[in-house]
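Number of protein chains: 2
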Amino acid sequence: MNIQPLLNYISKIVTLTDEEITFLTSQVTYRKYLKGQYILQQGDINKSVCFVVSGCTKMFYVDTDGQEHILMFAVEDWWSSDLGSFISQTPSDFNVQCIEDTECIVFSYNNMEETYAHIPKLERLFRKTIEKAFVASQKRIVRNFSMSAKERYLIFRDSYPEIEQRIPQYMVASYLGITKEFLSKIKSQIALQ
Amino acid sequence: MNIQPLLNYISKIVTLTDEEITFLTSQVTYRKYLKGQYILQQGDINKSVCFVVSGCTKMFYVDTDGQEHILMFAVEDWWSSDLGSFISQTPSDFNVQCIEDTECIVFSYNNMEETYAHIPKLERLFRKTIEKAFVASQKRIVRNFSMSAKERYLIFRDSYPEIEQRIPQYMVASYLGITKEFLSKIKSQIALQ
DNA sequence: AAATGATGTTAATGTAGATTAACATTTTTT
DNA sequence: AAAAAATGTTAATCTACATTAACATCATTT
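Line by line, the protein sequences are chains Z and C.
Under the numbering used here, the first sequence has 103 at position 103, and the numbering climbs by one with no breaks.
One gets the numbering used here by counting positions in the second sequence from 1 and adding 193 to each.
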């Protein structure tokens, strides 16, 4: 099991001792998924938090009309999980599905308390990571309220150019909260300028 | 300075020793604001996180057209802060203003590292608090994408009946991401049923 | 109690983005 | 290389909500 990508990521935020690295290695597992596979399905209880080593996942909600709404993508060095289901161990509102073959390092709910207790630095790391995710989420709410779909698309394109390249356009539309037809219109309009 | 409300809040999540309580008391300050006063203004760097003891605040963004978009309210036992500005010490995107006379217990950025270092349990508390806030924020994004304004209003009303009672309707509209005129229409429509 | 400002309502008109549907293109499977 | 599946485009029509504007009510100040 190669957890080097996770260690590299961690080392940017906190410094672990050799002993802590050994302990961490014993707490996580490695898992490969094929394109199309579900890591989590709406209604199931989420037992794990995945650190993406390679590939890409989408987290989405299927509403009562069967419409899919994408909340986030996760690529290399990102975390992929329905945190709500994880922290309260209640049925998930969301699906997490791989849109490429994906390799993950997995933290299990059962080990989490022990991991935090043994390596408080990791609790710090997760606090900081979630702080950033929360801030990004609030900014997204504001953008959805105060900006047009075109403006939001341009920001997405500029913020995540690598992600836009590797996912189909209808998923970008879903992430932006618009239809694929309207995103198509926006793009042709941008192309004319 | 009476920090009992904060201690009561903390005791629901983690248990502090007497020594830790003494230390915490030395790290925070008490502050009163009048209705209308700003705790934070867009563009300023946020130096503090407030725990609301009494009163009510709103956090909002003023867009380029001068329109106000409310992100959250904070009443008793809630946290009120632009976390993005706080954690990165960069100019704030948001305003925090008191919509009632408000009393707060204030954590200062300068003390925060020391507080976490001295009371790791508080880092745990903040991790959990922010986890919940993040989850709520994600659910709000999904609701904004998948539900009508009427459905969102009904959920707000059922989730925060006390808050709806104490704030003007045009602020509820702003929080929901609609105009006050449209919320008025929704309410009269509900009344007819 | 009059005046002022803040908040709420109603109705007409406008628009960003949804829906539908038909077709075009690209990718994957056989 | 043909067929099938997935993805993307275009255009007509529809709708949820915004905008504007005029007025109504309530709260606060003088």
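Using N, Cα and C, we set each Cβ at its ideal position, and we do this for glycine too.
- Nearest in C-alpha terms to C/G370, of all of C/R333, C/E269 and C/S301, is C/R333.
- Judged by DSSP in its simplified three-state form, Z/M112 adopts helix.
- Separation of the CB atoms of C/V242 and C/W271 is rounded to 11 Å, and the pair is thereby denied contact status at 8 Å.
- In terms of beta-carbon proximity, C/I356 stays away from the interface with chain Z, with every pair separated by 8 Å or more.
- The Cβ atoms of C/V221 and C/I196 lie closer than 8 Å to each other.
- Apart from the 5 residues on each side of it in sequence, Z/Q89 sits with its Cβ closer than 6 Å to the Cβ of I45 in its chain, given in chain order.
- Annotation for Z/Y38: the continuous beta strand (DSSP E) segment containing it runs Y38 to L40.
- Judged by DSSP secondary structure, C/L376 falls within the alpha helix (DSSP H) whose first and last residues are K373 to L385.
- In the DSSP assignment, C/M364 falls within the unbroken alpha helix (DSSP H) covering Q362 to L369.
- Counting every other CB atom within 10 Å of its CB across the protein chains shown gives Z/E113 a total below 16, marking it as exposed.
- Annotated three-state conformation of Z/T25 is helix, per DSSP.
- Unbroken alpha helix (DSSP H) stretches of 4 residues or longer found wholly inside the region 52-122 of chain Z: 83-88 and 109-118, given in chain order.
- If you draw a straight line from the Cα of Z/T179 to the Cα of Z/L122, it comes to about 40 Å.
- With fewer than 16 other Cβ atoms inside 10 Å of its own Cβ, C/Q362 counts as exposed.
- Using a Cβ distance threshold of 8 Å, C/F244 and C/L200 do not count as a contacting pair.
- Close to C/F244, with beta-carbon spacing below 8 Å, lies no residue of chain Z; the smallest spacing is near 17 Å.
- Under the three-state reduction of DSSP, Z/I45 is assigned to strand.
- Straight-line measurement puts the Cα of C/D294 at about 44 Å from the Cα of Z/K58.
- Z/T22 and Z/A117 have their C-alpha atoms some 15 Å from each other.
- Non-local C-beta neighbours of C/F375 in its own chain, meaning closer than 8 Å and more than five positions away in sequence, comprise A342 and A366, ordered along the chain.
- In the DSSP annotation of this structure, Z/N2 is not part of any alpha helix (DSSP H), being labelled neither H nor E.
- Between C/H311 and chain Z, the shortest Cβ-Cβ separation is not below 8 Å.
- One thing to note: C/F266 has its Cβ within 8 Å of the Cβ of C/I360.
- The C-beta distance from C/I280 to Z/E131 rounds to 5 Å, short enough to meet the 8 Å contact threshold.
- Beta-carbon to beta-carbon, Z/S92 and Z/G55 are separated by about 20 Å, too far to satisfy the 8 Å threshold.
- In the DSSP assignment, Z/L154 falls within the alpha helix (DSSP H) that extends over A149 to S159.
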